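In my numbering, the protein residues as written are 52 to 411. Ideal Cβ positions, reconstructed from N, Cα and C, are used throughout, including at glycine. None of the values given here were measured: they were computed from a predicted structure. Below you'll find the structure, written out as structure tokens, and then a few comments.
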Ligand SMILES: *Cc1c(COP(=O)(O)O)cnc(C)c1O
């Protein structure tokens with residue numbers, strides 16, 4: 052098999068050790084005679100798999116006991132509507148921070164349910180930074196404050212936790228969850244699609260403070276009410292069983308790696324290798340404000356965009372895959388999630404140096 056490094060933004064690279072274990076267990080999970088894909092979600096084998104996945108996630112993230120962990124489907128996109136449907140609780144407006152394409156999408160969906168106050172926006176500089184909290188115009192009557200802590204497409208990450216007093220803080224952590232420790236107790240709700248930094252597509256994780264459950268507005272579909280899932284341990288309907296199993300293997304791998312503080316150190320190292328090179332080079336450029344440079348998604352441009360397709364072609368020939376930037380922003384993007392080894396980032400930097408030397 053050829054050796055490659057996959058820089059896709061999502062679905063994305065998974066730890067080799069996890070894929071190897073999944074392969075070994077594919078036909079016969081722990082002597083059950085069955086693949087995890089073939090098991091009843093209510094049987095004791097799968098209940099054990101799901102139970103361990105939740106316990107390991109709670110341990111890794113330090114999730115307090117007054118928070119529920121929900122294993123849902125529908126992607127982060129469904130959360131864009133589940134959040135207003137459940138969290139407005141009779142109020143008529145919510146605060147949103149606008150820092151890029153994913154927060155824009157969350158805002159557009161919330162506008163179907165309430166008045167959206169855009170508390171601050173980085174539109175003035177084409178979403179290349181995050182407004183500091185002193186510039187936010189928060190509404191004390193807001194039902195909640197929503198922000199996107201890592202804009203996957205733009206590559207803008209917010210490393211501090213906003214202060215919102217008694218107003219619940221809600222975060223879309225789809226593309227950086229598990230990349231560093233988070234103080235969960237500062238949040239009302241955290242959500243993340245699995246396919247960036249957790250596991251396979253099809254699973255969406257919601258971590259919600261218990262007092263925010265049970266006040267969905269009238270007419271909310273049963274499946275869009277957090278209470279439905281909280282009351283049934285995420286087994287009201289058939290959950291995405293295989294995706295939960297793989298996510299569980301990833302949680303065990305993260306524990307083996309030393310947990311989230313250890314992962315943060317590695318992620319700082321990997322991102323530093325790439326950004327230091329981008330800054331030193333006159334050939335490549337990072338458009339993002341230094342204090343908001345994402346450790347997970349690193350967009351960059353070439354001096355002459357006419358060379359983009361050649362760059363991508365040669366990168367591919369070197370086994371460096373899926374480096375094309377999102378069509379809305381162009382250029383390149385290297386996603387370097389937890390499962391991307393340091394060697395992958397080194398290989399990318401080496402290739403970029405060589406390309407600069409021969410085409411600069
Ligand atoms: C990928 C992504 C989404 C959308 O996730 P889906 O699973 O496709 O719904 C939303 N927010 C962020 C920050 C993302 O990275």
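Kindly list the residues whose CB is nearer than 7 Å to the CB of residue i, restricted to its own chain and excluding five residues on each side of it in sequence; keep chain order.
| i | result |
| --- | --- |
| residue 66 | 301, 304, 390 |
| residue 213 | 184, 196, 198, 220 |
| residue 91 | 97 |
| residue 186 | 171 |
| residue 340 | 179, 180 |
| residue 73 | 297, 300 |
| residue 385 | 58, 325, 349, 374, 399 |
| residue 143 | 165, 166 |
| residue 310 | 111 |
Roughly how many whole angstroms lie between the Cα atoms of residue i and residue j?
| i | j | result |
| --- | --- | --- |
| residue 206 | residue 196 | 21 Å |
| residue 268 | residue 239 | 18 Å |
| residue 77 | residue 84 | 10 Å |
| residue 297 | residue 290 | 13 Å |
| residue 292 | residue 406 | 44 Å |
| residue 191 | residue 215 | 9 Å |
| residue 284 | residue 193 | 30 Å |
| residue 166 | residue 331 | 45 Å |
| residue 370 | residue 306 | 29 Å |
| residue 229 | residue 365 | 32 Å |
| residue 368 | residue 263 | 50 Å |
| residue 129 | residue 169 | 20 Å |
| residue 132 | residue 160 | 6 Å |
| residue 347 | residue 326 | 12 Å |
| residue 308 | residue 68 | 11 Å |
| residue 408 | residue 402 | 10 Å |
| residue 71 | residue 241 | 30 Å |
| residue 357 | residue 404 | 18 Å |
| residue 355 | residue 363 | 13 Å |
| residue 413 | residue 378 | Coverage of the chain is limited to positions 52 through 411, which leaves residue 413 absent and any answer about it impossible. |
| residue 353 | residue 411 | 10 Å |
| residue 94 | residue 126 | 25 Å |
| residue 148 | residue 53 | 43 Å |
In chain order, what residues of the same chain lie with their CB nearer than 8 Å to the CB of residue i, ignoring the 5 residues before and after it?
| i | result |
| --- | --- |
| residue 151 | 173, 178, 199, 202, 204, 205, 207 |
| residue 324 | 393, 396, 397, 400 |
| residue 288 | 274 |
| residue 109 | 120 |
| residue 102 | none |
In chain order, what residues of the same chain lie with their CB nearer than 6 Å to the CB of residue i, ignoring the 5 residues before and after it?
| i | result |
| --- | --- |
| residue 80 | 87 |
| residue 121 | 257, 280, 285 |
| residue 329 | 335, 337, 351 |
| residue 164 | 135 |
| residue 188 | 170 |
Compute every distance between the C-beta of residue i and the non-hydrogen atoms of ligand 2, then say whether any falls below 7 Å.
| i | result |
| --- | --- |
| residue 203 | Among the ligands in the structure shown, ligand 2 does not appear; only ligand 1 can be found there. |
Checking contacts by CB at 8 Å: is residue i closer than that to chain B?
| i | result |
| --- | --- |
| residue 162 | This model lacks chain B altogether; it includes just one protein chain. |
Item to complete: Report yes or no: do three or more beta-carbon pairs, one from the stretch 231–245 and one from the stretch 106–117, lie closer than 8 Å?
Response: yes
Practice prompt. Determine, using beta-carbon pairs with one atom in the stretch 55–63 and one in the stretch 384–404, whether at least three such pairs fall under 8 Å.
Written response: yes
Worksheet item: Do three or more CB pairs link the stretch 139–151 to the stretch 269–285 at distances below 8 Å?
Response: No: the two stretches stay apart, fewer than three of their Cβ pairs being nearer than 8 Å.
Discussion item. Which residues neighbour ligand 1 when neighbourhood means a C-beta less than 6 Å away from any of its non-hydrogen atoms? List them by chain order.
Written reply: 61, 126, 127, 128, 153, 199, 203, 223, 225, 226, 244, 247
Worksheet item: Quick one: any contact between the stretch 309–324 and the stretch 369–376, if contact means 3 or more CB pairs under 8 Å?
Response: Judged by Cβ distances under 8 Å, the stretch 309–324 makes no contact with the stretch 369–376, as fewer than three pairs qualify.
Worksheet item: Does the pairing of the stretch 61–80 with the stretch 234–253 give three or more beta-carbon distances under 8 Å?
Response: Yes, since at least three Cβ pairs between the stretch 61–80 and the stretch 234–253 fall closer than 8 Å, the two stretches touch.
Discussion item. Across the stretch 254–262 and the stretch 327–336, are there enough close Cβ pairs to call them in contact, namely three or more that are closer than 8 Å?
Written reply: no
Practice prompt. Enumerate, from N- to C-terminal direction, the unbroken beta strand (DSSP E) stretches of 3 or more residues contained entirely within the stretch 353–400.
Written response: With a minimum length of 3 residues, the unbroken runs of beta strand (DSSP E) contained wholly in the stretch 353–400 fall at 383–386.
Item to complete: Kindly provide the ranges of any beta strand (DSSP E) runs that are 3 or more residues long and lie completely inside the stretch 205–275, ordered along the chain.
Response: 220–223, 240–244, 255–260
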